[in-house]
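One structure below.
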Amino acid sequence: MQHIAHLVHEALSAPLVLEQMRVLTREASRAIVMRDDQILLLYTERYDDFSFPGGGIDAGESPEVGLHRELSEETGAKDIEVTSHFGYVTEYTPTWKKQWDVMFQTSHWFTCQIGTALGEAKMEDYETANGMSAKWVPIEEALRHNRSVIARRPSSMGLSIHRETLVLERVAMAQSR
């Protein structure tokens, strides 16, 4: 398994003294789905960014099973086939859960194949409220957009955009080979 990067969100004061912190550990799986020159991503209006479909792995789930569930829920994808493990990112980020000081997350990316048509997504309430929707987009367009958001640094910028853009760059490099 390829470790793509270890990130520490800029909102956290460095160095982190983890021995003195309450750390929430979270595992996530994310999908890389390409079709010709387009990639399937989630666009979120609230944050004005593109991200990979996927999310947290439930207790007892393997990363692949969690990915199937998340990809189907967020995009309506059917006939999902996980083809390979692309890599993983570890990161420390702020957390909104008051009983924790920081979150340590390991996100796994898998390349996937899906059926030709997307069905109806079954978004969670917060995803719907944030204006999240699945979009096929040229990977370079998604990169330009996310880089523009990072450069502008709007107050609405989400926590995950740096991670998502970093992996989008790696996927684009792999596609160009």
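According to the working numbering, the sequence shown is numbered sequentially starting from 51.
Glycine is no exception: its CB is placed at the ideal position from the N, C-alpha and C atoms.
Predicted model, so just to flag it, every value in this text is computed and none were measured.
Assigned exposure category for GLU120 - 16 Cβ within 10 Å defines buried: buried
Does DSSP put LEU92 in a helix, in a strand, or in coil?
strand
Which residues in the same chain have their Cβ closer than 7 Å to the Cβ of ILE107, if we skip the five residues on either side of it in sequence?
Contacts found: GLU77, ALA78, SER79, PRO113, GLY116.
Original post:
Between which two residues does the alpha helix (DSSP H) carrying PRO188 extend?
Top reply: PRO188 -> not in any alpha helix (DSSP H); beta strand (DSSP E) instead, spanning 182-188.
Requested in this report: Kindly list the residues whose CB is nearer than 8 Å to the CB of LEU193, restricted to its own chain and excluding five residues on each side of it in sequence; keep chain order.
Outcome: Here the set comprises THR215, LEU218, GLU219, ALA222.
* On the DSSP bridge assignment, give the partners of GLU77 in chain order. => According to DSSP, residue pairing for GLU77 in a beta bridge involves THR156.
| Between LEU57 and the rest of its own chain, which residues show a CB-CB distance below 7 Å, the 5 nearest in sequence each way excluded? | VAL139, GLU141, HIS212, ARG213
- Query: Helix, strand or coil: which one does DSSP assign to ILE82?
  - Reply: Residue state, collapsed to three classes: strand.
query = Using a Cβ-Cβ cut-off of 7 Å (strictly less than) and excluding sequence neighbours within five positions of TRP186, which residues of its own chain qualify?
reply = ARG85, GLN88, LEU90
Notebook entry, point to check: Within this structure, are the beta carbons of THR143 and HIS59 separated by less than 7 Å?
Noted result: yes
- Just how far apart, CA to CA, sit SER183 and SER63? 33 Å
Please list, in chain order, all residues of the same chain as GLU131 whose beta carbon is under 7 Å from its beta carbon, the five residues on each side excluded. CYS162, GLN163
- So what does DSSP say about ASP99, is it helix, strand or coil? Strand.
- Message: Considering only DSSP beta bridges, list what VAL58 is partnered with.
- Response: When beta bridges are read from the DSSP output, VAL58 appears opposite TYR142.
| message | Measuring only the C-alpha atoms, how far is SER157 from ARG202? | response | Cα to Cα, the separation comes out at about 26 Å.
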